[in-house]
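Each residue of the sequence shown is one higher than the one before, counting from 570 in our numbering.
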Amino acid sequence: MAARRKNSPASKFRIRRWRESRAKRSARSAEIVSRLHTDYPDANCALTYSSPWELLVATILSAQCTDERVNAETPALFARFPSPQSFAEADIAEIEELVRRTGFFRNKARAIKESAVALVEEFDGQLPRSMEELLTLRGVARKTANVVLGTAFGIAAGVVVDTHVSRLSQRLGLTAKSDAPGIEKDLMALVDQSEWVFFGHSLILHGRSVCKARRALCGECSLADICPSALPD
């Protein structure tokens, strides 16, 4: 692991970018991935699930909610409704009550129930394994689809872009975009496809523990010497 920079414990910085060729940025991206493998060799999704369907439900619930909270609520939810069929037949008010603590519970309950109905009616109760088909389900955008495809099926269809991945990608100078589709496109062009799933999970972990939104711990970061935003003016 690269030596950590001895700067202030909580670096406050603006986003900076180096002038570099595409080839140099790609090489730097590969080095970032390599160091993340050292720091987070077992990086994976933090949501608890026992089937692809449960992962989809948990990911829908994780919007604007912590994984810890979702993991605290899903055992009772999945015990009550153990299959897409049971969700499809459920009283939506009961689903709402069981997911209330995850926030935005009415929208989430509706998305889960309608997705369950679609699975039963259109996919024989089985979660599809393609981005195009997953995106037809209510409440499923590319982030959720990427989580399910990459984590449950090992299919690298894209890079998960949540708030952590968005923030770190900009700070690391890997993208100038601010929208999730644009950021994902840039990351997919820079990072080898075999690393897409790991890259998303490891950036999320790094964003939670080191490169925090309000308190970036640059002095503890193994990426600081190859991060333009961590360097002084």
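Idealized CB from N, CA, C, for every residue including glycine.
All values reported here derive from a predicted model rather than from experimental measurement.
* What are the boundary residues of the alpha helix (DSSP H) that includes glycine 672? -> Neither: glycine 672 is in no alpha helix (DSSP H) and is coded neither H nor E.
* Is any beta-carbon of chain C found at less than 7 Å from that of leucine 616? -> The question asks about chain C, but that chain is absent: this structure has only one protein chain.
* Asked: For cysteine 634, which beta-bridge partners are listed by DSSP?
  -> Answer is none; cysteine 634 lacks a bridge partner.
* Cα-Cα separation, alanine 745 to serine 598 -> 15 Å
* Asked: Hey, glycine 776 and leucine 737: beta-carbon distance below 7 Å or not?
  -> Yes, they are a contact pair.
* Within its chain, find whatever has a CB closer than 8 Å to the CB of lysine 682; leave out the 5 residues flanking it on each side and keep chain order. => Its chain contains Phe656, Ala657, Ala659, Ile661, Ile664 as the residues whose beta carbon lies nearer than 8 Å to that of lysine 682, once the 5 sequence neighbours on both sides are disregarded; these appear in chain order.
* In three-state DSSP terms, what is alanine 522? -> Any property of residue 522 remains undetermined from this structure, which presents the chain solely from 570 to 802.
* To do: In the DSSP assignment, find the alpha helix (DSSP H) that holds glutamine 739 and state where it starts and stops.
  => DSSP places glutamine 739 inside the alpha helix (DSSP H), whose first and last residues are 732-740.
* Integer-rounded CB distance, given that alanine 710 should sit under 8 Å from glycine 719 -> With 8 Å as the limit, glycine 719 and alanine 710 do not qualify as a contact, their Cβ atoms being about 15 Å apart.
* Assign cysteine 787 to one of three DSSP states: helix, strand, or coil. => helix
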